[in-house]
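In the working numbering, the protein residues as written are 9 to 268. For every residue, glycine included, the Cβ atom is placed at its ideal position computed from N, Cα and C. Note that the structure is predicted; figures quoted are calculated from it, not measured. Everything on this sheet refers to the single structure shown next.
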Amino acid sequence: MGRAPCCSKVGLNRGPWTAREDTLLINYIQAHGEGHWRSLPKMAGLLRCGKSCRLRWINYLRPDIKRGNITPDEDDLIIRLHSLLGNRWSLIAKRLPGRTDNEIKNYWNSHLSKRVLNNSQTNSTTRSSRKAKKATEKKQKANVEEKEEIKVLHQPKASRVSPFSVISRSSSFDSLISGSSSSGEGSKGTNDAYVFYIPSYWSDFAADTNLEFPDAEAFSDATPVGDSNLLDDIFEEYQKLLDGDDPGERDSIFDVLSCF
DNA sequence: AAAAAGCGCAACCGCCACGCG
DNA sequence: CCGCGTGGCGGTTGCGCTTTT
Numbered sequence: 009m010g011r012a013p014c015c016s017k018v019g020l021n022r023g024p025w026t027a028r029e030d031t032l033l034i035n036y037i038q039a040h041g042e043g044h045w046r047s048l049p050k051m052a053g054l055l056r057c058g059k060s061c062r063l064r065w066i067n068y069l070r071p072d073i074k075r076g077n078i079t080p081d082e083d084d085l086i087i088r089l090h091s092l093l094g095n096r097w098s099l100i101a102k103r104l105p106g107r108t109d110n111e112i113k114n115y116w117n118s119h120l121s122k123r124v125l126n127n128s129q130t131n132s133t134t135r136s137s138r139k140a141k142k143a144t145e146k147k148q149k150a151n152v153e154e155k156e157e158i159k160v161l162h163q164p165k166a167s168r169v170s171p172f173s174v175i176s177r178s179s180s181f182d183s184l185i186s187g188s189s190s191s192g193e194g195s196k197g198t199n200d201a202y203v204f205y206i207p208s209y210w211s212d213f214a215a216d217t218n219l220e221f222p223d224a225e226a227f228s229d230a231t232p233v234g235d236s237n238l239l240d241d242i243f244e245e246y247q248k249l250l251d252g253d254d255p256g257e258r259d260s261i262f263d264v265l266s267c268f
């Protein structure tokens, strides 16, 4: 049973959004900005729940959304961050400009979790029926997750991010992402051409937390994430800090991460 | 060629924390 | 301090498309 839905569903549209609804939502947000999701549908003339509007905007319509396949570098970073943060999709997404938590979560569930699973397998499996295979995968997945739960160093409860994060993600991302961002569907494909940048807040992050990045000055708007050495450096710094004995220090890392 | 199974992803659901009166 | 409204988050579902049998 549980509690009542967030809003009355009576008379509201559900399921896939139509182009018309998308247009209404985009036009309204362009005119009035994000927020006030509860009243937005009414004001925008949409027969949708406010929550649904928010999700549609954040996961699909926002102009800074980068559509297309996950690049190998992003792929690598997701795996590494997941090993540190667990299923903290929003935090992981914040390290991947233009990617949404939903997208990363889906990508993990459909691609990476299997890959991680396969890598952890020591025995080669015999060919079996798909059903049996899937059942086995499910079982193994459960085992891996059980182990991961032990491995993850610190997994605080999900918490709301500061308003600053909204500014970071939604207001200035056009300047952070080079290449075209597409708001239409079916624009997958040109992923190889994507180049994106670590935003300048990385250096602020380092300064604010007294982190000694190997080359903090290198973190500027013009720093391509495509440099896998840099990704390694970032990841290693995270790991070092997380491996530290001081729980307070670890907490501060998550606090800082939550601020972006 | 048809049916079954698998896959990918948009959308939904419910819980939780923050902000404000 | 407390209760309510709201927004954010992670988990889950549903469905269309693709692949396999």
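CB-CB length for residue i against residue j, believed under 8 Å
| i | j | result |
| --- | --- | --- |
| Leu104 | Leu120 | Incorrect: roughly 13 Å between the Cβ atoms, too far for contact. |
| Cys61 | Leu54 | 6 Å |
Outcome for residue i when other beta-carbon atoms lying within 10 angstroms are tallied against a minimum of 16
| i | result |
| --- | --- |
| Gly106 | buried |
| Arg28 | exposed |
| Gly23 | exposed |
| Gly41 | exposed |
| Gly94 | buried |
| Ser98 | buried |
| Arg123 | exposed |
| His44 | exposed |
| Ile158 | Unreliable placement is indicated for Ile158, whose pLDDT of 39 sits below 50; the coordinate value is still reported in the next sentence. By the neighbour-count rule (16 or more Cβ atoms within 10 Å), Ile158 is not buried but exposed. |
| Ala166 | Any reading at Ala166 needs caution, since the residue's pLDDT is 38, under 50, leaving its predicted position unreliable; the model's value is listed next. Ala166 comes out exposed. |
| Ser176 | In this predicted model, Ser176 has a pLDDT of only 34, less than 50, meaning its place in the structure is not dependable; the value taken from the coordinates is given anyway. Buried: at least 16 other Cβ atoms inside 10 Å. |
The alpha helix (DSSP H) enclosing residue i, as first and last residue numbers
| i | result |
| --- | --- |
| His40 | Ala27 to His40 |
| Trp97 | Trp97 to Lys102 |
| His90 | Pro80 to Leu93 |
| Ile112 | Asp109 to Tyr115 |
| Ala58 | Checking the sequence, you will find Gly at residue 58 rather than Ala. Gly58 to Arg64 is the extent of the alpha helix (DSSP H) around Gly58. |
| Pro71 | Careful: Pro71 lies outside any alpha helix (DSSP H) and carries neither H nor E. |
| Pro24 | Here Pro24 belongs to no alpha helix (DSSP H), and DSSP marks it neither H nor E. |
| Pro105 | Where Pro105 is concerned, there is no enclosing alpha helix (DSSP H), given that its DSSP letter is neither H nor E. |
| Leu55 | No alpha helix (DSSP H) holds Leu55; DSSP gives it neither H nor E. |
Within 8 Å, strictly: CB atoms of residue i and residue j
| i | j | result |
| --- | --- | --- |
| Leu33 | Arg64 | yes |
| Ile112 | Ala101 | yes |
| Thr108 | Ile66 | yes |
| Ala52 | Tyr68 | no |
(message) Would the region 74–93 count as touching the region 44–58 if we require 3 or more Cβ pairs under 8 Å?
(response) Proximity of the region 74–93 to the region 44–58 falls short of the contact definition, fewer than three beta-carbon pairs being nearer than 8 Å.
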